[in-house]
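Position 171, counted from 1, in the sequence shown is what my numbering calls 400; the numbers after and before it change by one each time, with no gaps.
Note that beta-carbon positions come from the ideal geometry of N, C-alpha and C, so glycine has one too.
Taking it in order: structure first as structure tokens, then the write-up.
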Amino acid sequence: MSKPLSLSLRIGLSVSIMGSALVVLIFSQSWFTLRTQLEVIAESKLAQKLGQIEHSVLEAGPASIDEIDPHMVDDLISGHTDMSLMVCNAELSGSPIFTVGLIPAAIENTISCNKNSDFYQKHFDKSGVNSLVAHTSIRIPVSGEAIRLILISDRAEDLYLLAAYRKSTLIAIPIFLIIIGMGAWWIAKRGLAPLNTFRSLTSAVTTSELKGRIECQDLPFELNELADSVNLMLERLEDGVKQLADFSDNLAHELRSPITNLMGKAQVALSKNRTSDQYKETLESCVEELERVSRIVSDMLYLAQTTQADSAASESLSLNKEANHIVNLFNAIAEEKRVRLSVVGDDFILGDKLMIQRAISNLLSNAIRHAPVDSSVPIEIISQSNQAFLSISNSGPGIPTQHLHKIFERFYRVDSGRSRAEGGIGLGLAMVRTIMEFHHGTVTVESDIQGPTKFTLTFRKINHD
Ligand SMILES: Nc1ncnc2c1ncn2[C@@H]1O[C@H](COP(=O)(O)OP(=O)(O)OP(=O)(O)O)[C@@H](O)[C@H]1O
Ligand SMILES: [Mg+2]
């Protein structure tokens, strides 16, 4: 496949084609105007001169044809080197009575002037030079003889002028076209120069170098929007790359401690001979650590699958039914802490059953964990025309305001030491957020350091139409 033409060359070519068409049009139009004007001038000059000659001949009052003075007529057309006159009998038969000036080759004989009776006639010689002829008949008053005055204008000079104009035009047009084409190419190249800013920025972009931005104030306004979008895209990329880097840091960090514990326990156990009970004890504590690693890996896998999923089995779900199902699962743990669980209200949403159950259970396990002993954790479902809300509240110390915007990030825990000791890995709320994004809903939190804490899931309602 041939390489497409550069943008400046395309603009240059288009402008030169348009320019050429215009230049050719202008030159042709002026050539036609010039030719018509020269013809009009030649015709009016001829008519005027013929009128003068007729008037002078009649005013001289000759008694017969023979008395017409050729010198008097000669005086009238002297100075007009392009004009000549034939005086003939009325029938135009035989040779002219007399001629004045040089009769052009195109006028071969008097008969050729009589071929048509128009006032103006054109005659062409072999080289294409034309002669314009005007004729009139007059009668000598005394003798009553009729004569024909044939005035001829040789248009060779006009035709030379037109030919010279045409020739100079034909030389000038290609030069104009080259100038127009090169000018257009240069202007287009200069006009497109700001695009180099984009080229140099994008060629410098790498995953480790995403800091560069395009300075919008130096750009023409047509490119400002593009520059803004590129800058926004770079910002999003920078955020994404930073999140990925943080995420892999966190993941490595989270996996390191259980793996270090496992190694430590195994090395201690192997350092000397142990009883079978001691080995059993070591293996049991190793299983605990392995469970934690296994939970991190399975939670990460779940998060990755939910983030990448673009569709899932959607079914109509009763939020009350799903909440009660989770409450039943958590009742035993809640009872241990004397935490009372309750569900009020109901609404229906369209969603993935297992995902919704997981979101509710993540929130409920957090609420039970942070609720003080002998308190209640109500689950409230509120139905609105186009939205459904499910909120889970717990009293007890809440989340300090400065942490609120971060708790939905992966591995983020407000009190990392305490949370880890309680088995938390900081992925629960990240999962809830991903599940809600998948359902085109949101998860929000209201809390402060004194509590209470309320997490709300907002769903788009099913449209029954
Ligand atoms: N109901 C709540 N009351 C007070 N603090 C909460 C509540 N829910 C979450 N938090 C805070 O938000 C942090 C993040 O919660 P998240 O569920 O993501 O992680 P986790 O519970 O520590 O671990 P995981 O859920 O992965 O087992 C928690 O560590 C906790 O500090
Ligand atoms: Mg949690």
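Beta bridge counterpart(s) of residue i as assigned by DSSP
i, result
"Leu686", "Leu619, Val672"
"Val253", "Beta-bridge pairing links Val253 to no other residue."
"Ser259", "Per DSSP, none; premise fails for Ser259."
"Gln350", "Val362"
Per-residue DSSP class, three states only, for residue i
i, result
"Tyr641", "coil"
"Thr310", "coil"
"Leu331", "coil"
"Thr431", "helix"
"Val715", "The chain is shown from 230 up to 694; residue 715 falls before or after that span and cannot be answered."
"Leu378", "strand"
"Glu274", "Rather than Glu, the amino acid found at residue 274 in this sequence is Lys. It is helical."
"Gln537", "helix"
"Glu296", "helix"
"Gly280", "helix"
"Ser237", "helix"
"Asp303", "helix"
"Val371", "coil"
"Leu439", "coil"
"Asp694", "Any reading at Asp694 is ruled out, since the residue's pLDDT is 48, under 50, leaving its predicted position unreliable."
"Ala632", "In the sequence as presented, Ala is not what sits at residue 632; that position holds His. DSSP places His632 in helix when its eight states are reduced to three."
"Asp457", "helix"
"Glu444", "coil"
"Glu651", "coil"
"Gly323", "coil"
"Pro681", "coil"
"Gly290", "coil"
"Ser243", "helix"
Segment limits, alpha helix (DSSP H) that includes residue i
i, result
"Ala417", "385-420"
"Thr663", "657-667"
Host beta strand (DSSP E) of residue i (start-end)
i, result
"Ala363", "359-368"
Residue i Cβ short of 7 Å to ligand 3 heavy atom set
i, result
"Thr663", "Only ligand 1 and ligand 2 can be found as ligands here, which leaves ligand 3 out of the picture."
Within the stretch 541-628, note down every full alpha helix (DSSP H) run reaching 4 residues or more, in order along the chain. Within the stretch 541-628, the complete alpha helix (DSSP H) segments at least 4 residues long are 548-565, 582-599, listed from N- to C-terminus.
Ordered list of alpha helix (DSSP H) runs contained in the stretch 472-524, each at least 4 residues: Taking only runs of at least 4 residues, no alpha helix (DSSP H) segment lies wholly in the stretch 472-524.
Tell me which residues pass a beta-carbon proximity test against ligand 2: closer than 6 Å to any heavy atom, given in chain order. Going along the chain, the residues that qualify are Asn591, Ser594, Asn595, Gly653, Gly657.
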